[in-house]
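Protein sequences appear in the order of chains F and U.
Position one of the first sequence corresponds to residue 1 (UniProt numbering), numbered consecutively onward.
Position one of the second sequence corresponds to residue 1 (UniProt numbering), numbered consecutively onward.
No residue lacks a Cβ here, since even glycine has one placed at the ideal position from N, Cα and C.
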Amino acid sequence: MTAGELVLPKARTGRRRATKAGKQLHAGPVTYVALIVFALVSLAPLVWTAVAASRTDRRLAQAPPPLWFGGNLFKNLQAAWDQAGLGTAMLNSLIVAGTITVSTVVFSTLAGFAFAKLRFRFSGLLLLLTIGTMMIPPQLAVVPLYLWMSDLGWSNQLQTVILPSLVTAFGTFFMRQYLVQALPTELIEAARVDGASSLRIVWHVVFPAARPAMAVLGLLTFVFAWNDFLWPIIALNQQNPTVQVALNALGTGYVPDQAVIMAGALLGTLPLLIAFLLFGKQIVGGIMQGAIKG
Amino acid sequence: MTSKEALAHPASSAETAPGIPPGAVRGAQGRGVPDGAPSWRSRLYRWDTKASPYAFVAPFFVLFGVFTLVPLLYTVWYSLHDVQLSALDHQSWAGLANYRNLLSSDFFWNALRNTFTIGLISTVPQLMAALWLAHMLNYKLRGSTVWRVVMLTPYATSVAAATLVFTLLYSWDGGMVNWILHFFGVDPVNWRESDWGSQFAVSSIVIWRWTGYNALIYLAAMQAIPADLYESAALDGANRRQQFWHVTIPQLRPTVLFTIVVSTIGATQLFGEPLLFGGVSGTKGGSEHQYQTLGLYMYDQGWIIGNLGKASAIAWTMFLLLLIIAAVNLLLTRWLRRSDDRR
Chain F
1 MTAGELVLPK ARTGRRRATK AGKQLHAGPV TYVALIVFAL VSLAPLVWTA VAASRTDRRL
61 AQAPPPLWFG GNLFKNLQAA WDQAGLGTAM LNSLIVAGTI TVSTVVFSTL AGFAFAKLRF
121 RFSGLLLLLT IGTMMIPPQL AVVPLYLWMS DLGWSNQLQT VILPSLVTAF GTFFMRQYLV
181 QALPTELIEA ARVDGASSLR IVWHVVFPAA RPAMAVLGLL TFVFAWNDFL WPIIALNQQN
241 PTVQVALNAL GTGYVPDQAV IMAGALLGTL PLLIAFLLFG KQIVGGIMQG AIKG
Chain U
1 MTSKEALAHP ASSAETAPGI PPGAVRGAQG RGVPDGAPSW RSRLYRWDTK ASPYAFVAPF
61 FVLFGVFTLV PLLYTVWYSL HDVQLSALDH QSWAGLANYR NLLSSDFFWN ALRNTFTIGL
121 ISTVPQLMAA LWLAHMLNYK LRGSTVWRVV MLTPYATSVA AATLVFTLLY SWDGGMVNWI
181 LHFFGVDPVN WRESDWGSQF AVSSIVIWRW TGYNALIYLA AMQAIPADLY ESAALDGANR
241 RQQFWHVTIP QLRPTVLFTI VVSTIGATQL FGEPLLFGGV SGTKGGSEHQ YQTLGLYMYD
301 QGWIIGNLGK ASAIAWTMFL LLLIIAAVNL LLTRWLRRSD DRR
């Protein structure tokens with residue numbers, strides 16, 4: 001569509017003062033007010049989690065709900081840590097999400113590079129298969145996975161949750177889209193003329209060029225793996241939980257202490273909140289990058 | 001190997017490549033291009049060029065195949081068998097019994113209906129709010145990155161953590177939501193037990209977690225719209241609002257369709273939010289199954305009741321549903337494009 005095809009009503013006032021393009025307009029006060037409301041809605045539940053975690057269960061059952069911090073934060077954090085086994089859970093989640101992140105990033109970069117820059121048979125078909133499988137729900141794999149992992153005697157062990165998530169179709173597609181334009185084909189050809197082997201090219205040309213996208217994919221994958229819910233709930237139990245499994249157990253306990261539950265929710269979210277504080281800009285950039293090309 | 005080294009190995013230049021006239025080779029050598037003589041080095045090099053693409057995609061496809069595609073097919077197999085959690089060694093052929101069982105179960109149709117209504121109340125307001133938010137973030141803002149990160153923080157919160165917090169916010173007596181509502185003269189709502197109330201509460205968790213994420217996707221698409229479209233619209237006298245409806249929205253259509261597809265996929269699988277919102281009896285989706293979704297129903301049948309064959313049948317029904325939705329979406333896109341062309 002070109003600009004000429006646009007059918008627009010003429011301004012009734014006849015005023016022809018050229019407004020600047022939409023993206024360059026400065027936000028007015030109304031916009032700022034609306035944005036502040038959005039920001040409050042985004043942040044308030046998290047802040048209030050900390051408020052609730054600093055109170056007692058009995059206080060939380062009374063109206064009006066507390067709006068400011070009480071004095072029980074550390075007691076509740078301690079209780080959540082002990083009751084839900086959050087120490088083990090955090091360590092487990094770190095191992096699981098860390099392994100999944102490294103493997104997803106490396107394998108996605110390799111496959112993404114091949115799809116972006118190398119010619120091989122069936123490459124078009126394989127890429128189509130990759131894109132097509134992005135919409136397969138995880139529910140479709142869990143019954144066989146559960147039965148196989150039980151057969152292997154791996155129930156409740158970490159490799160059960162690590163293995164099925166080692167690669168994602170999204171990651172491969174994401175890296176392919178990035179490398180198509182970020183990696184000059186001449187660079188690879190030059191390296192080839194120099195007689196560099198494919199592995200050397202990957203190490204010295206592809207990885208350096210892909211580094212920004214690899215970092216972003218790593219962050220997105222870590223968030224995804226840390227928060228993954230369905231399969232860990234099925235595969236693991238309270239004896240050897242990830243953070244989400246521990247939170248699930250905490251929330252569905254028979255004698256729930258709401259203040260302790262809030263403390264658990266706070267602790268389980270804290271690592272990702274810190275990651276957002278440090279790398280928020282990169283994560284935002286990654287989501288927006290994936291969007292344009294996706 | 002550097003270019004100097006490559007030149008130092010003229011690949012035993014006396015030999016000619018098969019099928020190429022000697023003159024051509026000499027000409028090529030004259031220009032300093034290394035020829036394809038079958039020394040072990042160049043043979044290795046050629047083999048490397050041919051085989052490496054497969055080696056690079058292999059880890060992805062092997063892992064993906066073993067842990068996603070093969071299980072997907074096995075799920076069909078199990079859905080045609082009687083597989084009980086209590087007797088895994090005794091699996092017997094059941095034909096379509098699991099599917100018949102499913103279609104005659106009121107709870108299945110109830111879950112299907114709930115998935116649909118919760119999907120609708122969570123997706124439509126979410127995407128509209130995201131569009132509005134993106135439009136605002138697209139202005140020149142002080143500290144634009146900070147705004148974006150703030151809007152994305154709910155995405156950092158896991159389903160489990162978010163649901164635990166919202167469940168408390170929605171509690172009947174002493175909950176924050178009812179307390180705020182009482183200022184507007186609204187009587188306390190029983191968010192856990194009421195039909196629409198519980199579905200709304202579950203949806204609001206989804207909306208809270210995903211609005212900022214979708215807004216960023218829209219924002220990216222908005223920034224990719226060429227500026228001259230706005231300029232010529234402005235020249236035609238369009239104000240900000242008219243520019244939004246006549247430039248931004250039409251240009252955003254593919255992205256909107258993309259987010260609708262992604263959100264629909266997410267809504268079809270909805271599981272963690274209703275599970276934890278229900279507390280102890282979470283897998284039933286409330287005392288009257290008011291918010292039992294298909295995802296929850298599958299988990300309940302498979303791992304609480306222990307009928308894994310039926311759970312497999314539910315999984316495949318979900319997939320079928322997704323395929324239908326995808327097909328409808330594709331047709332809709334085509335139809336929109338055609339009506340666009342006609343204009």
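According to DSSP, is residue i part of a helix, a strand, or is it coil?
i, result
"residue 165 of chain F", "helix"
"residue 82 of chain U", "strand"
"residue 190 of chain U", "coil"
"residue 214 of chain U", "helix"
"residue 289 of chain U", "coil"
"residue 138 of chain U", "coil"
"residue 72 of chain F", "coil"
"residue 307 of chain U", "strand"
"residue 330 of chain U", "helix"
"residue 23 of chain U", "Reliability fails at residue 23 of chain U, whose pLDDT of 38 lies under 50, so the model's placement of it is uncertain and the value that follows must be treated cautiously. Residue 23 of chain U falls in the helix class under three-state DSSP."
Between which two residues does the alpha helix (DSSP H) holding residue i run?
i, result
"residue 243 of chain U", "240-243"
"residue 93 of chain U", "Where residue 93 of chain U is concerned, there is no enclosing alpha helix (DSSP H), although the beta strand (DSSP E) it sits in stretches over 87-93."
"residue 246 of chain U", "No alpha helix (DSSP H) contains residue 246 of chain U, which DSSP labels as neither H nor E."
"residue 55 of chain F", "Run containing residue 55 of chain F: none; DSSP gives neither H nor E here."
"residue 47 of chain U", "40-64"
"residue 67 of chain F", "Unbroken run through residue 67 of chain F: none, as it is neither H nor E."
"residue 244 of chain F", "243-251"
"residue 207 of chain F", "207-227"
"residue 139 of chain F", "139-151"
"residue 236 of chain U", "Note, residue 236 of chain U: premise wrong, no alpha helix (DSSP H); not H, not E."
"residue 179 of chain U", "176-183"
"residue 271 of chain U", "Residue 271 of chain U -> no alpha helix (DSSP H), and no H or E assigned at all."
"residue 115 of chain F", "86-117"
"residue 232 of chain F", "230-235"
"residue 147 of chain U", "144-156"
"residue 168 of chain U", "159-169"
"residue 100 of chain U", "97-103"
Which chain F residues are close to residue i, counting only those with a beta carbon under 9 angstroms from its beta carbon?
i, result
"residue 269 of chain U", "137, 138, 139 and 230"
"residue 125 of chain U", "Those do not exist, as residue 125 of chain U stays about 12 angstroms from chain F at its closest Cβ, beyond 9 angstroms."
"residue 293 of chain U", "Residues of chain F passing the Cβ test: none, with the nearest at roughly 11 angstroms."
"residue 306 of chain U", "The premise fails here: residue 306 of chain U is roughly 12 angstroms from chain F at the closest Cβ pair, so nothing lies under 9 angstroms."
For residue i, which residues in chain F fall below 7 angstroms Cβ to Cβ?
i, result
"residue 128 of chain U", "Those within 7 angstroms of residue 128 of chain U in chain F number zero; the least Cβ separation is about 13 angstroms."
"residue 311 of chain U", "143"
"residue 74 of chain U", "144"
Cβ closer than 8 angstroms: which chain U residues qualify as neighbours of residue i?
i, result
"residue 284 of chain F", "145, 148, 149, 152 and 216"
"residue 145 of chain F", "67 and 71"
"residue 90 of chain F", "Near residue 90 of chain F there are no residues of chain U at all, since even the closest Cβ is about 13 angstroms away, more than 8 angstroms."
List the residues of chain U whose Cβ lies closer than 7 angstroms to the Cβ of residue i, in chain order.
i, result
"residue 197 of chain F", "48"
"residue 155 of chain F", "Simply none; closest approach about 12 angstroms."
"residue 114 of chain F", "53, 56 and 57"
"residue 208 of chain F", "Simply none; closest approach about 17 angstroms."
"residue 62 of chain F", "174"
"residue 227 of chain F", "158 and 159"
I want to verify the contact list: residues of chain U whose CB lies under 9 angstroms from the CB of residue i, in sequence order.
i, result
"residue 244 of chain F", "158, 159, 160, 161 and 272"
"residue 150 of chain F", "88"
Taking C-beta pairs closer than 8 angstroms, name the residues in chain F that residue i reaches, listed in chain order.
i, result
"residue 197 of chain U", "Simply none; closest approach about 18 angstroms."
"residue 315 of chain U", "137, 139, 140, 142 and 143"
"residue 116 of chain U", "Those do not exist, as residue 116 of chain U stays about 16 angstroms from chain F at its closest Cβ, beyond 8 angstroms."
Is the CB of residue i under 9 angstroms away from at least one CB in chain A?
i, result
"residue 334 of chain U", "No chain A is part of this structure, whose protein chains are labelled F and U."
For the region 144-164 of chain U, which residues have a beta carbon sitting closer than 9 angstroms to at least one beta carbon of chain F? 145, 146, 147, 148, 149, 150, 151, 152, 153, 154, 155, 156, 157, 158, 159, 160, 161, 162, 163 and 164
Taking any Cβ of chain F, which residues in the region 210-229 of chain U have a Cβ under 9 angstroms from it, in chain order? 211, 212, 213, 215, 216, 217, 218, 219, 220, 221, 222, 223, 224, 225, 226, 227, 228 and 229
To be precise: take each residue of the region 29-47 of chain F, compare its Cβ to all Cβ atoms of chain U, and keep it if any distance is under 7 angstroms. Which residues remain? 31, 34, 35, 38, 39, 42, 43, 45 and 46
Tell me which residues of the region 167-186 of chain F have at least one Cβ-Cβ distance to chain U shorter than 9 angstroms, keeping chain order. 167, 168, 169, 171 and 172
Which residues of the region 81-114 of chain U have a Cβ closer than 8 angstroms to any Cβ of chain F? Give them in chain order. 83 and 88
Got a sec: which bits of the region 166-179 of chain U sit with their beta carbon under 9 angstroms from any beta carbon on chain F, in order along the chain? 166, 167, 168, 169, 171, 173, 174, 175, 176, 178 and 179
Scan the region 274-287 of chain U for residues whose Cβ lies nearer than 8 angstroms to a Cβ of chain F and list them as they occur along the chain. 275, 276, 279, 280 and 282
Chain-ordered residues of the region 67-82 of chain F with a beta carbon less than 7 angstroms from chain U: none
Taking any Cβ of chain F, which residues in the region 320-333 of chain U have a Cβ under 8 angstroms from it, in chain order? 322 and 326
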